[in-house]
Amino acid sequence: MSAQLPVLPPGSSSILSGLSETFSFHSSPESFITSRVLAFRRSHPSLADSRTPIRAKVLNRNVAVISSYDHVRTLLCDEDVIMNLSSSKAYDELMAPFFPPPNLLLLDPPEHGPRKAQWLESMAELPDRISKGVRSRTLSHFENIRSGSSIDLYDSMKFLSWDLILGIFLGNLEDPQRAKDLVNQVEKLQEDLLRGQFSLFPVSVNTRFWQSPRSKGLAARKKLQEVLKSHVGVQSTGCPFVTSSLSDKEDVANHLLLFTSSLAAKALASLLTALMMNLFVSCARNDGRSELLSDMVLSTRGRGDQNKLIESIVLETERLSPPVVGIMRQTTADVILSGGSEQSPDIRIPGGWDAWLYFVGASRDPAVFGDTAASFVPHRYLQESGERTEGFAFGAGPKTCLGRDLMRQIAMTVAKTCLGLADEETNVEHSTPIKLNCPGDSIPEGVRGWLGWQADVKPEVWARDMKQLPTQRPTKPLMVTLTHDLSP
């Protein structure tokens, strides 16, 4: 900590600028945040390399934008700091009406801990139980795409993600048509809910002639709760959380509302898109070399070493390309963050402010990841010992995403299936690997920056080529040619 008195974050405090900053933020968080960091550096050349919090006005609220790895970790993991932060207050307008209590996402300490422990126990065996189903659905997905077809990779991964998530959490109904109808209904309602949640017109209006997106979203949430409550009460559905207790039905339905959300499906699609690009698309990297990581994995001897390399690639993909760019917390009392040195004053975030934790910037912090902070390094997480410095794709600390292990298992299984590797857990024989072809010069510069293939991408280029809300994905279709020897 600095010997100087703590100061407020530098940046805008003008109410008049609040509206423009709100729209700028929604347009591109990356451009919004980076432009303010650059302005800070111009005004404070002696602190050019500092990742100090930046003050902004978003939705007319004071926001401290946090992009330092150490600061983000402090806010997520330091017990004394966590007690002065609230998730529920930060998301009161954005999420609470669409994801009603009880749910873990919006619970604060001390209630959060015991409830999370219950759900961790309920989900403990789920990652180990899904491999066969994920492999089967992944093979079926690619079998149904004619070899040689040109596809939008993100759209394809979104279709697969919906199939995987709804298959895992809703189970398999005996009647195929009923199962199809249920999946279509849940997906449609979840899309309406998400559009209402992220609408820039945050007012619920329902007239005879027009219904606002927010009003449609709230209506979708009510209908979803009814559908999910009914579903979890039927033993034959295969839902992993079937219950006959009325109070438990409410709890399970509210959490299934989260687990099967459009946000969850799009987050998984974002992660799988980045992972498939990293594995199967040959492209000039930051070091000037061109390589296929799929070939590197397949040439690695021993199943154990192959799995370790795939896991490292998954973790590096998470670090550089987190599906959700950040999260919010609201301070309930003053929070002090280290200035980094005795020469730099500590930063005070007053009680009542929002802290916006920007995962993309924090996970590319040179103070932690060195000269390769913005570069994709497939072997980064292959060290045999010591604590791994991971990114924040699933948060950190007590509120680490409940589905982290499940999502990683899905990503690993999809990767191994597409690589044609045998599944040691289900004794399924290996298949032939798929291939994706996409000329390197056809990949937009901002997409290469998102993947960590190019480290010097300017914020305005990133903003042009990538959408970041509600999850990261390319602005334009990411077209690849898929080839395989799978039989339909």
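The sequence shown begins at -15 in the numbering used here and counts up by one. We treat Cβ as the ideally placed atom computed from N, Cα and C, and that holds for glycine.
Which one or two residues does DSSP pair with Trp337 in a beta bridge?
Answer is none; Trp337 lacks a bridge partner.
Taking 6 angstroms as the limit between beta carbons, can you name the residues of its chain near Asp469, skipping five residues before and five after?
Thr416
Who are Val(-9)'s beta bridge partners in DSSP?
Ile331
In DSSP terms, what Ile311 is bridged to
Leu341
Measure the alpha-carbon distance for Val47 versus Gly387 and round it to whole angstroms.
28 angstroms
Rounded straight-line distance, which links the Cα of Gly379 to that of Arg457
Between Arg457 and Gly379, the C-alpha separation is close to 19 angstroms.
So Val236 and Val216 are supposed to be a Cβ contact under 8 angstroms. How far apart are they, rounded?
About 5 angstroms separates the CB atoms of Val236 and Val216; that is less than 8 angstroms, so the two are in contact.
Would you report the Cα separation of Leu3 and Arg45, rounded to the nearest angstrom?
Legend: pLDDT at Leu3 = 48, less than 50; position of this residue unreliable, value from coordinates given subsequently. When rounded, the distance between both Cα atoms is 10 angstroms.
Other residues of its chain near Val298: CB distance less than 8 angstroms, five sequence neighbours each side excluded
Leu259, Arg392, Ala395, Met396 and Ala399
Comparing alpha-carbon positions, which option in Ser296, Leu60 and Ile333 lies nearest Phe475?
Given that the chain is displayed from residue -15 to residue 472, the structure contains no residue 475 and the question cannot be resolved.
Just how far apart, CA to CA, sit Arg205 and Asp165?
18 angstroms
According to DSSP, simplified to helix, strand and coil, what is Ala32?
Reliability of the predicted coordinates at Ala32 is poor, the pLDDT of 49 falling under 50, and the value obtained from them is presented with this limitation in mind. Here Ala32 sits in coil by DSSP.
Going by DSSP, what residue range makes up the beta strand (DSSP E) through Leu466?
Met463 to Thr467
First and last residue of the uninterrupted alpha helix (DSSP H) at Lys400:
Annotation: the continuous alpha helix (DSSP H) that includes Lys400 extends over Arg388 to Leu403.
In angstroms, rounded to a whole number, what distance separates the CA positions of Thr467 and Phe225?
38 angstroms
Let me know the secondary structure DSSP gives Ser283 once reduced to three states.
helix
Do you know how far the Cα of Leu247 is from the Cα of Asn262?
23 angstroms
Find the nearest neighbour of Glu234 within the set Val431, Phe83, Leu420 and Leu69, judged by alpha-carbon distance.
Phe83
Within 10 angstroms of its Cβ, does Asp338 collect 16 or more other Cβ (buried), or is it exposed?
buried
Going by other Cβ atoms of all chains shown within 10 Å of its Cβ, with 16 needed for buried, is Gly336 buried or exposed?
exposed
Span of the alpha helix (DSSP H), counted from its first residue to its last, around Lys172
Segment Pro160 to Gln181, the alpha helix (DSSP H) holding Lys172.
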